[in-house]
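Student: In terms of the working numbering, the sequence shown opens at residue 328 and continues consecutively.
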Amino acid sequence: MSKGVLLVNLGSPDSTDPKDVKRYLGEFLMDERVIDVPYWARTLLVKGIVLNTRPKKSAEAYKKIWWEEGSPLIVLSERLQAKIDSLTSIPIALSMRYGNPDILSGLQELNDKGVDEVLLFPLYPQFAMATTETILVLAEELRQKHFPDMKFTTVPPFYNHPDYIRVLAESISERLEGVDFQHLLFSYHGVPERHIRKSDVTKSHCKIDGTCCQSPSVAHQFCYRHQCFETTRLVAEYLGLKENTYSVSFQSRLGFDPWLQPYTDRTIERFGKQGMKKLAIVTPAFVSDCLETLEEIAMEGEEIFHEVGGKEFTVVPCLNDRQDWVNVLSRWIDEWAFKKPVKA
Ligand SMILES: C=CC1=C(C)c2cc3[nH]c(cc4nc(cc5[nH]c(cc1n2)c(C)c5CCC(=O)O)C(CCC(=O)O)=C4C)c(C)c3C=C
Ligand SMILES: [Fe+2]
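(1) Specify, as a first and last residue, the run of the beta strand (DSSP E) that residue 343 falls within.
(2) Please determine whether the Cβ atom of residue 613 lies at a distance below 6 angstroms from any heavy atom of ligand 1.
(3) Can you find the residues in the same chain that come closer than 6 angstroms, C-beta to C-beta, to residue 520, ignoring five residues on each side of it along the sequence?
(4) Hey, residue 499 and residue 609 are a contact pair by Cβ (cut 8 angstroms); roughly how many whole angstroms apart?
(5) Going by C-alpha distance, which of 571, 330, 572 and 620 is nearest residue 439?
(6) Using the beta carbon as the reference atom, which residues fall closer than 6 angstroms to any heavy atom of ligand 2, ordered along the chain?
(7) With distances taken between CB atoms, is the gap from residue 462 to residue 656 smaller than 7 angstroms?
(8) If you count every other CB in all the chains shown that lies within 10 Å of the CB of residue 600, and 16 or more means buried, which is it?
(9) When the Cα of residue 628 is compared with those of 602, 635, 616 and 595, which residue comes out closest?
(10) Note down, one range per segment and in chain order, each alpha helix (DSSP H) of at least 4 residues found wholly within the segment 579-620.
(11) So residue 336 and residue 400 are in contact, right, with Cβ under 8 angstroms, and what is the actual spacing, rounded?
(12) For residue 346, does the count of other Cβ atoms within 10 angstroms reach 16, so buried, or fall short, so exposed?
(13) Can you give me the start and stop residues for the alpha helix (DSSP H) that residue 385 sits inside?
(14) Name the DSSP beta bridge partners of residue 576, please?
(15) Just reading off the alpha helix (DSSP H) that residue 535 is part of, what are its end residues?
Put into structure tokens, the structure is as follows:
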């Protein structure tokens with residue numbers, strides 16, 4: 328068997344043209360694991376309402392963060408792929424769940440190189456049905472249809488892996504060295520509360536009120552909320568952060584259903600109104616900087632903080648293509664490919 332790796336990230340529109348943004352949002356939001364309502368209702372909501380207004384607004388936001396080479400998320404993922412590729416001897420392909428390059432072309436590229444055993448590597452530290460699960464389901468559908476002889480292995484969510492925690496914590500301490508801050512906010516992408524209940528394999532563990540995430544359960548294997556809190560706890564422990572000097576919030580909610588709380592924008596506002604002047608923020612659900620970190624946090628978040636009297640707003644960049652992160656990912660890949668012992 329010949330081995331290869333498919334890194335998979337979320338994806339971006341091809342350009343900031345509202346037509347491209349509309350095509351991308353259409354594919355994204357028509358995913359039944361993102362807007363998980365019956366097909367007719369999703370079609371009515373997405374095609375009848377959201378796609379008539381949101382593409383223009385989102386295109387404006389993308390314009391603010393777009394780079395000459397393209398979408399930051401794609402460019403940063405490509406840089407990560409290239410650096411891993413230079414350290415490993417097996418083929419490394421890159422795909423996006425939505426937009427381009429798609430998962431089919433990534434699998435085709437590996438197949439053309441003679442690969443028949445693929446390590447599927449969703450670039451998400453925490454599991455969510457709207458991210459990890461949708462990648463794995465689509466990849467499996469494509470495998471069955473186009474590459475039935477291919478074998479898949481999947482990298483599990485690495486939210487509590489000591490290597491990930493160390494690199495994330497080091498990236499925070501590097502950025503915050505010499506920065507005077509009163510509070511470190513861990514802002515994760517939100518999901519609707521309903522998604523947490525749906526992913527609960529026990530069907531009874533998740534209460535979403537904070538009482539369940541600390542009590543051991545098999546449900547945690549698929550619980551986004553638990554995994555976000557665990558990442559935070561472990562990083563705080565690594566950095567020796569004192570209680571009440573850090574907290575968790577959830578950003579980027581869409582629609583009117585309850586999403587995981589507290590919401591990041593309201594938290595930033597509350598901190599400023601309470602008199603906080605110096606806030607630092609880190610976004611561990613994203614391994615690559617993207618619209619949600621560069622625009623929603625670094626631009627909108629800072630504006631909110633300043634409007635309510637805040638002064639210094641420091642954003643920790645995502646891991647992107649940091650060399651220590653590249654080294655960790657390359658080592659994980661080699662350990663899988665060459666069956667080397669797994670070291671923390
Ligand atoms: C942890 C990662 C992410 C989760 C969980 C997630 C859930 C989720 N997202 C939407 C809706 C949108 N998200 C959008 C952008 C976006 N989302 C993520 C990651 C997660 N999403 C990233 C990395 C990005 C940025 C992409 C980029 O090109 O930089 C957008 C598009 C932008 C916009 O119009 O605001 C939408 C829409 C839902 C509904 C959801 C869970 C159900
Ligand atoms: Fe999102």
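The C-beta atom is built at its ideal place from N, Cα and C for all residues, glycine as well.
Tutor: Reading it off the structure:
(1) Note, residue 343: premise wrong, no beta strand (DSSP E); not H, not E.
(2) Yes; taking the cut-off as 6 angstroms, the Cβ of residue 613 has a heavy atom of ligand 1 nearer than that.
(3) Only 535 and 585 meet the Cβ criterion.
(4) Contact between residue 499 and residue 609 holds, with the beta-carbon distance rounding to 6 angstroms and staying under 8 angstroms.
(5) Comparing Cα-Cα distances from residue 439 to each of 571, 330, 572 and 620, the minimum goes to 330.
(6) With 6 angstroms as the limit, the residues whose C-beta approaches a heavy atom of ligand 2 more closely than that are 516 and 579, in chain order.
(7) No, the pair does not count as a contact, with Cβ atoms beyond the cut-off.
(8) Its Cβ having fewer than 16 others within 10 Å, residue 600 is exposed.
(9) When each option's Cα is compared against that of residue 628, the closest is 595.
(10) Within the segment 579-620, the complete alpha helix (DSSP H) runs of at least 4 residues are 591-600.
(11) With a beta-carbon spacing of about 6 angstroms, residue 336 and residue 400 fall inside the 8 angstroms limit used to define contacts.
(12) Exposed.
(13) Here the alpha helix (DSSP H) through residue 385 covers 378-392.
(14) According to DSSP, which records beta bridges pairwise, residue 576 is partnered with 514.
(15) Neither: residue 535 is in no alpha helix (DSSP H) and is coded neither H nor E.
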